[in-house]
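> Sequential numbering of the sequence shown, starting at 72, is according to the numbering used here. Cβ atoms here follow ideal geometry from the backbone N, Cα and C, with glycine treated the same way. Since this is a predicted model, take the numbers as computed values, not measurements.
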Amino acid sequence: MAIDYSEKIPNNVELAGDRTLQRALEHWQPRFVQWWDTMGPSDFAAADVYLRTAVGVDAAGWATYGQVRMPDYRWGIFLADAKPGRTIGFGDDYGLPVWHQVPGEYRSQLRRLIVTQGDTEPASVEQQRLLGHTCPSLYDLRNLFQINVEEGRHLWAMVYLLHAYFGRDGREEAEALLERHSGDADKPRILGTFNEPITDWLSFFMFTYFTDRDGKYQLKSLAESAFDPLARTTQFMLTEEAHHMFVGETGLSRVIKRTLEVMTELRTDDASVVRSAGAVDLPTFQRYLNFWFSSSLDLFGSEISSNAASSFATGLKGRPDESQYEEHRCVDSLFALTTPAQDGGVKNEEVPMRNAMNEVLRSSYIRDCELGLKRWNRQLERAGTAFRLVLPSSRFNRTIGVWSAASCDLTGNIITADAFERGRDQWLPSGVDRAFVTGLMRRVVDPMRMAGWIAPPERGINSLPIEYEYVRLS
Ligand code: BYC
């Protein structure tokens with residue numbers, strides 16, 4: 072169905088046919104705008120940004136480009152087209168027709184999932200709100216803003232579900248999504264990673280590589296949901312999410328490229344020399360990677376989770392690409408886990424597969440993360456340096472799940488808490504690292520230039536030149 076842009080809230084859900092819902096969402100809309108004005112990108116409201124806006128949910132319509140001021144961006148409600156005759160793909164009700172309303176008994180659990188998903192979207196905009204001031208180029212500035220407006224739209228996607236299907240509770244949750252704030256001492260965002268500050272672009276690219284990729288896996292598992300409106304909403308969100316991960320992967324690859332250029336020019340692999348030349352040395356890059364990877368692993372929840380088991384059993388949340396599996400009920404199957412033991416060692420145990428669903432997702436996610444590392448390591452190899460990037464063990468630096476009780480080094484060996492503290496600054500960004508990286512961040516807004524710590528991208532946006540004025544500052 073085409074998106075109706077003549078409406079106050081662009082949508083393809085026939086909002087005009089439901090006056091009560093339309094009024095409720097039109098009541099929320101100014102609050103969203105106020106939130107965007109106060110918590111969204113600071114100081115760029117008057118800039119014309121070369122943004123992509125969806126005008127349809129099919130391949131032809133979802134990417135239309137033009138100069139837009141961010142406050143004029145048309146945030147709307149877009150669901151992927153319904154698949155007639157769709158049936159539940161997993162869990163106890165496998166094979167039965169999907170639901171178009173929320174079954175009463177699953178109401179609070181489903182609402183919790185939607186609220187948790189919704190909470191991450193504005194959180195990321197809040198985390199990134201000051202980055203515009205230190206953009207490495209107009210190309211990057213535009214990408215930041217593209218991501219920000221789309222995260223705003225993803226919030227709309229979840230708010231639509233809350234308003235349309237959860238009555239008064241849903242409307243209250245939609246208000247609360249604008250009241251919690253990233254890093255707020257009293258009302259923080261729900262999930263840990265979304266309270267971490269992102270005040271430099273190296274962290275931004277790590278976040279869009281690692282944390283947006285968690286988004287991909289969570290959205291893919293919600294796109295399998297028996298609750299059809301959630302499945303269709305998240306399916307469309309995934310098309311936009313791909314660009315966010317592209318920004319992360321290419322951003323990090325450009326940082327490495329520039330570092331390698333400096334190392335070759337100066338014939339050095341000495342981190343302090345690389346730093347003095349104004350590039351990110353590879354050990355610092357690795358420490359940032361260790362932090363954002365381990366924090367993003369926490370976003371999958373505990374390895375053994377009754378919530379996960381119940382979400383799978385009831386059909387609320389499946390596995391990404393559920394159709395790739397042979398068996399969709401997972402009643403009798405077991406999952407082998409290694410967990411920390413009382414005596415300071417490890418023990419192997421088998422847990423019911425349904426309870427291990429968070430770990431199933433996390434394992435696929437880790438394999439996906441490795442692909443980027445392979446590409447970056449090829450860059451390092453081609454440049455003739457011996458340094459290689461590695462993903463730390465999934466036991467390292469965890470604050471959620473079975474490994475949160477143990478201290479582990481990068482390779483997953485259990486160590487004492489004291490030894491972890493002694494190793495901390497070699498493994499995770501230290502105060503000195505953060506001060507150095509922050510010091511590199513200087514605003515570059517001349518379309519012909521790029522900051523010295525990052526190489527230019529390989530190509531511009533939508534076939535435009537890299538030097539195009541992607542953001543026209545007033
Ligand atoms: N921090 O049984 P447990 C994205 C809570 S990113 C703090 O272990 P469960 C995006 C958990 O909420 C994707 N708390 O785990 C990316 C629960 O609390 P309650 C976001 C945490 O429930 C970039 C308790 O611990 N989407 O889209 O199976 C930019 C016990 O939970 C954390 C979703 O997450 C944590 N890291 O799974 C923009 C999908 N982890 O309920 C956007 C929806 C767990 O007892 N959410 N807890 O108070 C879910 O599917 C599940 O809630 C989780 C947790 C996977 C997060």
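V333 lies in the alpha helix (DSSP H); which residues open and close that run?
D299 to E336
> Is Q289 near the ligand BYC, in the sense that its beta carbon is under 7 Å from a heavy atom of that ligand?
Correct: Q289 has its Cβ closer than 7 Å to the ligand BYC.
> Return the CA-CA distance between P411 and T282, expressed in angstroms with no decimal places.
About 26 Å.
> Going by DSSP in three states, E441 sits in which element: helix, strand or coil?
helix
> Excluding the five sequence neighbours on either side, which residues of its own chain have a C-beta within less than 7 Å of the C-beta of A245, listed in chain order?
Leaving aside the five residues that flank A245 on each side, the residues in its chain whose CB is nearer than 7 Å to its CB run, in chain order, W99, V230, L233 and H234.
> Which class does V44 belong to by DSSP, given the choice of helix, strand or coil?
The requested residue 44 does not occur in the structure, where the chain is confined to residues 72 to 545.
> What first and last residue would you give for the beta strand (DSSP E) that runs through Y121?
D119 to T124 is the span of the beta strand (DSSP E), which, as asked, contains Y121.
> For the segment 164-177 against the segment 295-305, do three or more pairs of beta-carbon atoms, one drawn from each stretch, fall closer than 8 Å, so that the two count as touching?
yes
> Do the segment 100-118 and the segment 185-205 meet, that is, are 3 or more Cβ pairs less than 8 Å apart?
Yes: at least three Cβ pairs fall under 8 Å.
> Determine the burial state of P142: buried for a count of at least 16 other Cβ atoms within 10 Å of its Cβ, exposed for fewer.
exposed
> Distance, Cα to Cα, A522 vs L212?
12 Å
> Once the 5 residues before and after P268 are set aside, which same chain residues still bring their CB inside 7 Å of it?
Q198 and G254
> Less than 8 Å separating the beta-carbons of C479 and R495?
no
> What residues in its chain sit with their C-beta under 8 Å from that of L432, if we drop five residues either side in the sequence?
Y288, Q289, S292, F371, R390 and P391
> The beta strand (DSSP E) spanning R600 covers which residue range?
Outside the displayed range of the chain (72 to 545) lies residue 600, so it cannot be described from this structure.
> Would you check if the distance between the CB atom of P500 and the CB atom of L481 is smaller than 8 Å?
no
> Suppose only complete runs of 4+ residues qualify. What are the alpha helix (DSSP H) ranges in the segment 234-259, listed by chain order?
238-250
> Could you tell me the distance, in whole angstroms, from the CA atom of F149 to the CA atom of G263?
Going from the Cα of F149 to the Cα of G263 covers about 28 Å.
> Decide if K79 is buried, meaning its Cβ has at least 16 other Cβ atoms within 10 Å, or exposed.
exposed
> For the ligand BYC, any of its heavy atoms closer than 7 Å to the Cβ of S373?
yes
> Quick one: give me the first and last residue of the alpha helix (DSSP H) that K291 is part of.
Note, K291: alpha helix (DSSP H), D283 to L293.
> Taking buried to mean at least 16 other C-beta atoms within 10 Å of its own C-beta, is Y121 buried or exposed?
Around the Cβ of Y121, a 10 Å sphere holds 16 or more other Cβ atoms; the residue is buried.
> Using a Cβ-Cβ cut-off of 7 Å (strictly less than) and excluding sequence neighbours within five positions of R459, which residues of its own chain qualify?
N448 and L451
> Looking at C-alpha atoms only, which residue of A125, E430 and W107 is the closest neighbour of D285?
E430
> Pick out whichever of T456, G455 and G415 has its Cα sitting closest to the Cα of A488.
G415
> Spell out the partners DSSP gives N361 in its beta bridges.
The secondary-structure analysis by DSSP pairs N361 with nothing; it has no beta-bridge partner.
> The alpha helix (DSSP H) that contains T385, what's its start and end?
Boundaries of the alpha helix (DSSP H) harbouring T385: S377 to T385, taken from the DSSP string.
> Quick one: which unbroken alpha helix (DSSP H) runs of 4-plus residues sit fully inside the segment 193-238? Chain order, please.
Note on the segment 193-238: whole alpha helix (DSSP H) runs with a minimum of 4 residues are 209-236, in chain order.
> So Y177 and L387 are in contact, right, with Cβ under 8 Å, and what is the actual spacing, rounded?
6 Å
> What separation, rounded to the nearest whole angstrom, lies between the Cα atoms of H314 and V508?
25 Å
> CB-CB under 8 Å to D129, same chain, minus the five flanking residues each way: which ones, in chain order?
D152
> DSSP has P423 in a bridge; who is on the other side?
L405
> CA-CA distance, N219 and F275?
12 Å
> Measuring from the CB of E420, is there a heavy atom of the ligand BYC at a distance below 7 Å?
no
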